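Protein chains in written order, with our numbering: chain A, 1 to 328; chain B, 1001 to 1120.
No residue lacks a Cβ here, since even glycine has one placed at the ideal position from N, Cα and C.
Quick caveat: nothing in here was measured; it's all calculated off a predicted structure.
Written out below as structure tokens is the structure these notes cover.
Dropping the structure here:
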């Protein structure tokens, strides 16, 4: 619906003339509560576009001028009974602000859905920022309102302008980003962390049994593991055998092994995500709106294939480490 | 002075009548905003500037006399169609006889004989 002059295909001077005309229209309608300047501006753009449909591109200024002449001067666009532009009356700052507030109030409670939802969404978001401990709750409500606003605009064929994007995008961007980072980064990190804990627990248990089940002074898990290593340095567990194949000193081997395991987990998880996302590109674009609007299934398939290649190499290295440790 | 008076009077008269004409244009069917403008502009002496119709439509929409629907267009973006609401239809039903009464009254006072003012 709302098109920029560039979409109409005007020459630069014709573009400037149309923008000037629309500015005059807006100025003439300031403080007129019974019309919507946004709607009228969109109507004029549409009217001009219709008038120039068959004109040679780019449309020259004199061609546009004839269309604007037929539209008439914006100053005559006042409701019946008004004899002059409200601008001519030079409204005071208070009157102007009251008019703007009334406009916002109208948009919120009586205005068209495609503006009411953006205002509501941003209002809830802003309130959530002020009431910080409750921010996640307000963020979710604001996000749902914003998505509804985007959907309404899409249904009505309305292209979101910059103003509405500023109102709708903050909650959608934050939620999409959090969701994206959780799925792509936090889940594999969490899986790796859980894996480390399980392995460490099993290693401590094995070390304790190989040491002859000694009586331990420390009550905590990490304390016992440290105590066992200090008292029984010659005990060699399965983990020690596996770590022995990693390069570096004894202290850096655990880090190297951790990175190795982390790479494997990330590759495994991203391969799964890649193939799921590759099968459902529309769901991905909808879920991470507006971050991934150019996402296509083939991108995810490629990422999944690269991850499979990494997993293959990783499995080869892991096999070598296991065989070197004499576990196979 | 007379020219200013006449211009102002003509402007005000047309504005009021144009509102009636906009509603009357929609009495039978929904219409694309641009087509409403073109149809009324074709009536000689009625529309001063094509742009004057858009604020009227916007105001009618806010007042609940008309409503809009978007419909896909093969020629470009979705088009906004205007149609009368029940309230708009009820008001139009009252406006048309009111206008007829005014027109008849004026004709009764000023007469329908154009020979007089043509002679003047």
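Beta-carbon proximity of residue i to residue j, cut-off 9 Å
{"i": "residue 257 of chain A", "j": "residue 246 of chain A", "result": "yes"}
{"i": "residue 34 of chain A", "j": "residue 1063 of chain B", "result": "yes"}
{"i": "residue 330 of chain A", "j": "residue 197 of chain A", "result": "There is simply no residue 330 of chain A to check, as chain A begins at 1 and stops at 328 in what is shown."}
{"i": "residue 10 of chain A", "j": "residue 22 of chain A", "result": "no"}
{"i": "residue 142 of chain A", "j": "residue 162 of chain A", "result": "no"}
{"i": "residue 152 of chain A", "j": "residue 117 of chain A", "result": "yes"}
{"i": "residue 155 of chain A", "j": "residue 1033 of chain B", "result": "no"}
{"i": "residue 202 of chain A", "j": "residue 239 of chain A", "result": "yes"}
{"i": "residue 290 of chain A", "j": "residue 172 of chain A", "result": "yes"}
{"i": "residue 208 of chain A", "j": "residue 228 of chain A", "result": "yes"}
{"i": "residue 1050 of chain B", "j": "residue 71 of chain A", "result": "yes"}
{"i": "residue 1082 of chain B", "j": "residue 1093 of chain B", "result": "no"}
{"i": "residue 39 of chain A", "j": "residue 1058 of chain B", "result": "yes"}
{"i": "residue 190 of chain A", "j": "residue 261 of chain A", "result": "no"}
{"i": "residue 1054 of chain B", "j": "residue 43 of chain A", "result": "yes"}
{"i": "residue 63 of chain A", "j": "residue 8 of chain A", "result": "no"}
{"i": "residue 230 of chain A", "j": "residue 204 of chain A", "result": "no"}
{"i": "residue 160 of chain A", "j": "residue 150 of chain A", "result": "yes"}
{"i": "residue 278 of chain A", "j": "residue 244 of chain A", "result": "no"}
{"i": "residue 1048 of chain B", "j": "residue 1025 of chain B", "result": "no"}
{"i": "residue 326 of chain A", "j": "residue 305 of chain A", "result": "no"}
{"i": "residue 1091 of chain B", "j": "residue 1046 of chain B", "result": "no"}
{"i": "residue 37 of chain A", "j": "residue 53 of chain A", "result": "no"}
{"i": "residue 131 of chain A", "j": "residue 138 of chain A", "result": "yes"}
N-terminal and C-terminal residue of the beta strand (DSSP E) that residue i is part of
{"i": "residue 1014 of chain B", "result": "Counting along the chain, residue 1014 of chain B falls outside any beta strand (DSSP E), though it belongs to the alpha helix (DSSP H) covering 1002 to 1025."}
{"i": "residue 1076 of chain B", "result": "1076 to 1084"}
{"i": "residue 1072 of chain B", "result": "1066 to 1073"}
Proximal residues of chain B, C-beta to C-beta of residue i below 8 Å
{"i": "residue 47 of chain A", "result": "1033, 1034, 1037, 1050, 1051, 1054"}
{"i": "residue 64 of chain A", "result": "By Cβ distance, chain B contributes nothing, its closest Cβ being about 14 Å from residue 64 of chain A, past 8 Å."}
Residue i Cβ short of 8 Å to the ligand SAM heavy atom set
{"i": "residue 211 of chain A", "result": "As presented, the structure is devoid of all ligands, the ligand SAM included, so that no description of it is given."}
Per-residue contacts from residue i into chain B (C-beta, under 7 Å)
{"i": "residue 72 of chain A", "result": "1048, 1049, 1050, 1051, 1052"}
Host alpha helix (DSSP H) of residue i (start-end)
{"i": "residue 28 of chain A", "result": "12 to 29"}
{"i": "residue 70 of chain A", "result": "61 to 71"}
{"i": "residue 186 of chain A", "result": "Element bounds for residue 186 of chain A: n/a, residue is neither H nor E."}
{"i": "residue 289 of chain A", "result": "Segment: none, residue 289 of chain A is in no alpha helix (DSSP H) and carries neither H nor E."}
{"i": "residue 262 of chain A", "result": "250 to 279"}
{"i": "residue 1041 of chain B", "result": "1033 to 1041"}
{"i": "residue 229 of chain A", "result": "221 to 231"}
{"i": "residue 74 of chain A", "result": "No alpha helix (DSSP H) contains residue 74 of chain A, which DSSP labels as neither H nor E."}
{"i": "residue 297 of chain A", "result": "297 to 324"}
{"i": "residue 34 of chain A", "result": "Where residue 34 of chain A is concerned, there is no enclosing alpha helix (DSSP H), given that its DSSP letter is neither H nor E."}
{"i": "residue 240 of chain A", "result": "238 to 243"}
{"i": "residue 148 of chain A", "result": "135 to 155"}
{"i": "residue 172 of chain A", "result": "162 to 181"}
{"i": "residue 1057 of chain B", "result": "1053 to 1062"}
Contact list for residue i against chain A, beta-carbon separation under 8 Å
{"i": "residue 1094 of chain B", "result": "Here the premise fails: no neighbours, minimum Cβ distance about 17 Å."}
Partners in chain A for residue i, counting only beta-carbon separations shorter than 9 Å
{"i": "residue 1027 of chain B", "result": "Near residue 1027 of chain B there are no residues of chain A at all, since even the closest Cβ is about 20 Å away, more than 9 Å."}
Contact list for the stretch 1037 to 1058 of chain B against chain A, Cβ threshold 7 Å:
If the cut-off is 7 Å between Cβ atoms, the stretch 1037 to 1058 of chain B has 1037, 1048, 1049, 1050, 1051, 1052, 1054, 1055, 1058 near chain A.
Of the residues that make up the stretch 33 to 45 of chain A, which ones have a beta carbon closer than 7 Å to any beta carbon in chain B?
If the cut-off is 7 Å between Cβ atoms, the stretch 33 to 45 of chain A has 34, 35, 36, 39, 40, 43, 44 near chain B.
If we count Cβ pairs, one from each stretch, closer than 8 Å, do we get three or more for the stretch 260 to 280 of chain A versus the stretch 291 to 311 of chain A?
Yes: the two stretches touch, three or more of their Cβ pairs being nearer than 8 Å.
Using 8 Å as the Cβ pair cut-off and three pairs as the minimum, do the stretch 1055 to 1074 of chain B and the stretch 33 to 52 of chain A touch?
Touching, yes, given that three or more Cβ pairs across the two stretches are closer than 8 Å.
Are there three or more Cβ pairs, one per stretch, closer than 8 Å when the stretch 272 to 289 of chain A is compared with the stretch 313 to 323 of chain A?
Result no; under three Cβ-Cβ pairs closer than 8 Å.
Across the stretch 54 to 71 of chain A and the stretch 1075 to 1086 of chain B, are there enough close Cβ pairs to call them in contact, namely three or more that are closer than 8 Å?
Output reads no: the stretch 1075 to 1086 of chain B does not touch the stretch 54 to 71 of chain A.
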